[in-house]
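Chain order of the listed sequences is P and H.
The first sequence finishes on residue 314 if you use my numbering, and the numbering steps up by one all the way, no holes.
The second sequence finishes on residue 1449 if you use my numbering, and the numbering steps up by one all the way, no holes.
All C-beta atoms in this analysis are idealised placements derived from N, C-alpha and C, irrespective of residue type, glycine included.
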Amino acid sequence: MFGTPQEQNLRHQSFHQRRRGILGNTLEARKKRLGLVFALPAFLFFGAFYLYPLFQTFYVSLFSWGLLDDPKFLGMTNYSRLFTDKEFINSVWVSFLYSFGVVIPIWFIALGLALIFNRTFPGRQAYLTVYYIPAVISLTVWSLIWLLMYNPTFGIFSVAARALGITGLRMLDDPSTAMPAMIILSIWKGTPVYMVIFIAGLRAIPNDYYEAAQIDGANAAQCLLYITLPLLRPVFLYVMVISIIEAFKVFTPMYILTNGGPGSATRVLSMFIFQNGFQYLKMGYASAASVIFLLILLALAIIQFRLLRFQQND
Amino acid sequence: MKTRVSATLVLSLILALLLSACASPAAAPATPTIGTPSTPTTGTSSAPTIELLYMTHNHAPSIPVNEAIIAEFEATHPNVKIIFDNAPHANFEQKVLTAFAGGQGPDVFWAGDWMVPQFLDSGIIAPVDPTAFGVATQDEFEALFEPGSLDAFKANGKIYTGGISEYNTFSLIYNVDALKEAGIKPLPKDRPITWEELADIATRLTVKEGDVIKRVGLSWPFNVPIWTVLIQEPMLRQKGGELITPEGMPDFTQEPMVAVMTYLQKLRQADAIDPATYTDLLQDFANGRSAMIFGGPWAVAPLKTMNPNLNWDIAPLPQFANAKERVTTLYAWAWFVSAKSSPEKQKAAWEFVNLLTSKQKEWWEKVGYVQARKTEIDGKPLREYYIQTDPRLATIFADYAYGKFEFRSTKYFELSDIWTRAQNRILTGEDVMSVLRDAQAQAKAAMTD
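Next up, the structure:
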């Protein structure tokens, strides 16, 4: 059960080496201690502003608490209620619909634009600036602009649709078009950021690979398939994880354009949590929904890491 | 050696940073101590200074009026210092509640009447001290105000406000020229038209070019839950319904609610209303994008400024042809004093509220807020004075007499959200009864929490 005496001895030695590694008086030990000291502020920050709220959220989720009254312990009741709450289930579904509706097009559009802007051509910088403008506009301002653009009377979408012979376009007022409306504005807003990340990734690929491939007779498509995309894998993973998390956290456009409506067609999970927590003062219930939210994001991140077989040396 | 010196330096730096983070900034201005009187640092008076935190929403015209009244109060009460905090209108109530939850609640604050059940449930509002208003009893205090105006603030035989900062009802505001163009006579002022007549008029006033609505007949903010309640609750009550049953439970599937929702769906199907065209209540009306709106006395001054050439008038809030009784709406923002504040702070706070409520002229002329505390201005009773500033207000004031405050519930926000979501689904054409059954299930779940 504890291995052979040799193995036990090795483990014993290893433990003491590690212990000496931190507490000893060698140069290496001192360096390690100094490293810990430098890392301490980050640990403190992470602990105070991430770990503590995380555990506190889970703790609160076990109570019924209206901010101003005394918390009442409920155990897992908030969780069991969530799984029978149609509005919560709808919010989870709406969040998935929105997130994947936004991120999948963003990945391809951002990568395509990055490949274009990675080449040199006249006016490249000017085009790049124009494409990046949505990223620097505040999301609130962006949402208000799109609120006007979606107006069925004078909004640009309705005007354009009428010019094409499409009548009766009511983007925000129709449950079947309200979510696509949110997705379109979010793709437009989010693409430039990821485009820049892809450009940075592309520039990090050594030119030698392409030169070698050209000598071997590879064409552009083969360079893309066998050099660019494999070497962009870590960047792609980063973009996937971050974009999905960002998309799941969406709140502002729904709050400004539809307030979650029509009905609950655009009531995403973050809006459900906000309303329950800060409008209805159901802190325990909102915390339970937040914990589920976290678990969903965690599961998605794990799946993505597995799918791309991410390794530390990537 | 170098490493040891570096480690010592880094540790010292972190320690210094932590200590500086914990300590009060030396150069920062003195922070008001909420809840305890403090000794003045300047001046000749040796009396302790009472610091009151006064919190309001940030309706722009109200800020200078509040500041002027604060200055006047401080001049006559040198031992009182008022810290004025105004916050954005959206979610203002949540800010007040979270401030209380964090132990930093205001001593005096504005809030809507719909918050009273939640405030009482949490024990954060104090019953009025009539002596601060120059009267001896609560009955005498109530007599200082318009009859019925304090009804929403009463509980357990006590009154939990020092007065109303904004007293409102809704009437029908319409574009006279738009009616004339459609061959419709100006609406009567002495009696309400029926909702059925309104549907017909609104449909005729809607102007379409192809499928595009250039002007919608009737409009209100369809996505704002409080508006849902303010518009639909009088309709529900006219039909004999109440959202909250005598047992304290909401009833979304009652017959009057079905009738109201069916009526709204028909309005939408006839293009008499269209949530998609809504951008801003008063701007849409002033710019001719809507022909009729619901509004209170607060709408009068802005409309005159937004479009001085617009020919508009006011009619009483409609009622159903088979209405059981004539009902309009009432809602109010009021001044509250915190029950969490010390007795001496509460006393000073009530005296401050007394001054705030006695500035009826300023509140009307500079902010457009109708007051409920009786007075005479320029030798005229308050309402006559208001009407003198714009005769159209007479119709709105007549509607107050039929007003009822919104439903009382500690779950006000949740129920009004459920109501709004149901309304929006019904306006998109969903089956009324199945939507209301969903709403009822959600409301039941909300109440059991």
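Local Cβ density within 10 Å of residue i, reported as buried at 16 or more and exposed below that
i	result
residue 60 of chain P	buried
residue 258 of chain P	buried
residue 93 of chain P	exposed
residue 136 of chain P	exposed
residue 1433 of chain H	exposed
residue 98 of chain P	buried
residue 307 of chain P	exposed
residue 1143 of chain H	exposed
residue 1071 of chain H	exposed
residue 22 of chain P	exposed
residue 1031 of chain H	Because the pLDDT of residue 1031 of chain H is 33, which lies under 50, any placement of that residue in the model is unreliable, and the question is left without a value.
residue 302 of chain P	exposed
residue 1337 of chain H	buried
residue 1272 of chain H	buried
residue 166 of chain P	exposed
residue 1059 of chain H	buried
residue 1435 of chain H	buried
residue 133 of chain P	exposed
residue 1254 of chain H	buried
residue 148 of chain P	exposed
residue 1356 of chain H	buried
residue 222 of chain P	exposed
residue 1241 of chain H	buried
residue 160 of chain P	exposed
residue 1351 of chain H	buried
residue 1188 of chain H	exposed
Residues bridged to residue i (per DSSP)
i	result
residue 1215 of chain H	H/1207
residue 1155 of chain H	H/1158
residue 1056 of chain H	H/1086
residue 1108 of chain H	H/1054, H/1337
residue 63 of chain P	P/73
residue 1245 of chain H	Paired residue(s): none; residue 1245 of chain H is not in a bridge.
residue 1425 of chain H	According to DSSP, residue 1425 of chain H bridges with nothing at all.
residue 1376 of chain H	H/1381
residue 1250 of chain H	H/1244
Integer Cβ distance of residue i from residue j, believed to fall under 8 Å
i	j	result
residue 1096 of chain H	residue 1050 of chain H	The Cβ separation is near 21 Å, so there is no contact.
residue 1118 of chain H	residue 1410 of chain H	5 Å
residue 1121 of chain H	residue 1153 of chain H	Rounded, the Cβ-Cβ distance is 15 Å, inconsistent with contact.
residue 1300 of chain H	residue 1392 of chain H	7 Å
residue 1216 of chain H	residue 1129 of chain H	49 Å between Cβ atoms; not a contact.
residue 144 of chain P	residue 195 of chain P	That pair is no contact at about 24 Å.
residue 279 of chain P	residue 1094 of chain H	6 Å
residue 1167 of chain H	residue 1371 of chain H	6 Å
residue 1278 of chain H	residue 1219 of chain H	6 Å
residue 175 of chain P	residue 1428 of chain H	6 Å
residue 1061 of chain H	residue 1353 of chain H	So it is not a contact: roughly 20 Å between Cβ atoms.
residue 300 of chain P	residue 244 of chain P	6 Å
residue 1054 of chain H	residue 1116 of chain H	That pair is no contact at about 19 Å.
residue 1052 of chain H	residue 1348 of chain H	6 Å
residue 1195 of chain H	residue 1318 of chain H	5 Å
Within the stretch 1318–1358 of chain H, ranges of the alpha helix (DSSP H) (whole runs, at least 4 residues)
Under the rule that a run must span 4 or more residues, the alpha helix (DSSP H) segments found entirely inside the stretch 1318–1358 of chain H read 1343–1357.
Going along the stretch 111–130 of chain P in order, which residues come within less than 9 Å of chain H, judged by CB to CB distance?
Flagged: no residues at all.
Could you name the residues of the stretch 65–90 of chain P whose beta carbon sits closer than 8 Å to any beta carbon of chain H, in the order they occur along the chain?
Along the stretch 65–90 of chain P, the positions whose C-beta sits under 8 Å from a C-beta of chain H are 66, 67, 68, 69, 81, 85, 86, 87, read in chain order.
What are the uninterrupted segments assigned as alpha helix (DSSP H) that are 4 or more residues long and contained completely in the stretch 1390–1421 of chain H, given in chain order?
Fully contained in the stretch 1390–1421 of chain H are the following alpha helix (DSSP H) runs of length 4 or more, in chain order: 1393–1400.
Fully enclosed by the stretch 1286–1318 of chain H, which alpha helix (DSSP H) runs are 4 residues long or longer?
Whole alpha helix (DSSP H) segments, 4+ residues: 1300–1306.
Chain P contacts from the stretch 1087–1101 of chain H (Cβ-Cβ distance under 8 Å):
When C-beta distances to chain P are compared with 8 Å, the residues of the stretch 1087–1101 of chain H below that value are 1091, 1094, 1097, 1098, 1100, 1101, in chain order.
Minimum length 3: unbroken beta strand (DSSP E) runs contained in the stretch 146–185 of chain P
Within the stretch 146–185 of chain P, complete beta strand (DSSP E) segments of at least 3 residues are not found at all.
Quick one: complete beta strand (DSSP E) runs, 3+ long, within the stretch 1124–1189 of chain H?
Taken in chain order, the unbroken stretches of beta strand (DSSP E) that lie wholly in the stretch 1124–1189 of chain H and span 3 residues or more are 1163–1168, 1171–1175.
Give me the subset of the stretch 167–199 of chain P whose CB atoms are less than 7 Å from a CB atom of chain H, sorted by chain position.
Cβ contacts with chain H come from 167, 168, 170, 172, 173, 174, 175.
Taking any Cβ of chain H, which residues in the stretch 21–35 of chain P have a Cβ under 7 Å from it, in chain order?
The stretch 21–35 of chain P vs chain H, Cβ under 7 Å: 30, 31, 33, 34.
Runs of alpha helix (DSSP H) lying entirely within the stretch 198–267 of chain P, each at least 4 residues, in chain order:
As far as the stretch 198–267 of chain P is concerned, its whole alpha helix (DSSP H) runs of at least 4 residues are 207–215, 220–223, 233–248.
Report the residues of the stretch 229–245 of chain P with a CB closer than 8 Å to any CB of chain H, ordered along the chain.
Under the 8 Å Cβ criterion, the stretch 229–245 of chain P contributes no residue.
The stretch 1197–1221 of chain H: positions lying closer than 8 Å to chain P by Cβ:
Residues 1210, 1211, 1212, 1213, 1214.
Residues in the stretch 1264–1279 of chain H having any Cβ partner in chain P nearer than 9 Å:
Within the stretch 1264–1279 of chain H, those residues whose Cβ lies closer than 9 Å to any Cβ of chain P are, in chain order, 1274, 1275, 1276, 1277, 1279.
Along the stretch 1101–1122 of chain H, where does the CB come closer than 7 Å to a CB of chain P? Name the residues.
Here the close residues are 1101, 1122.
Any residues in the stretch 279–300 of chain P with a beta carbon nearer than 8 Å to a beta carbon of chain H? Which ones, in chain order?
Here the close residues are 279, 280, 281, 282, 285.
Please give me, in chain order, every unbroken run of the alpha helix (DSSP H) with length at least 4 that falls completely inside the stretch 1252–1281 of chain H.
If only uninterrupted alpha helix (DSSP H) runs of at least 4 residues are considered, those enclosed by the stretch 1252–1281 of chain H are 1255–1269.
Which residues, in order along the stretch 1419–1447 of chain H, keep a beta-carbon less than 7 Å from a beta-carbon of chain P?
Answer in chain order: 1421, 1424, 1425, 1428, 1442, 1445.
Chain P contacts made by the stretch 1400–1415 of chain H, where a contact means CB separation under 8 Å:
Contact residues of the stretch 1400–1415 of chain H toward chain P are 1411, 1413, 1414 (C-beta to C-beta distance below 8 Å).
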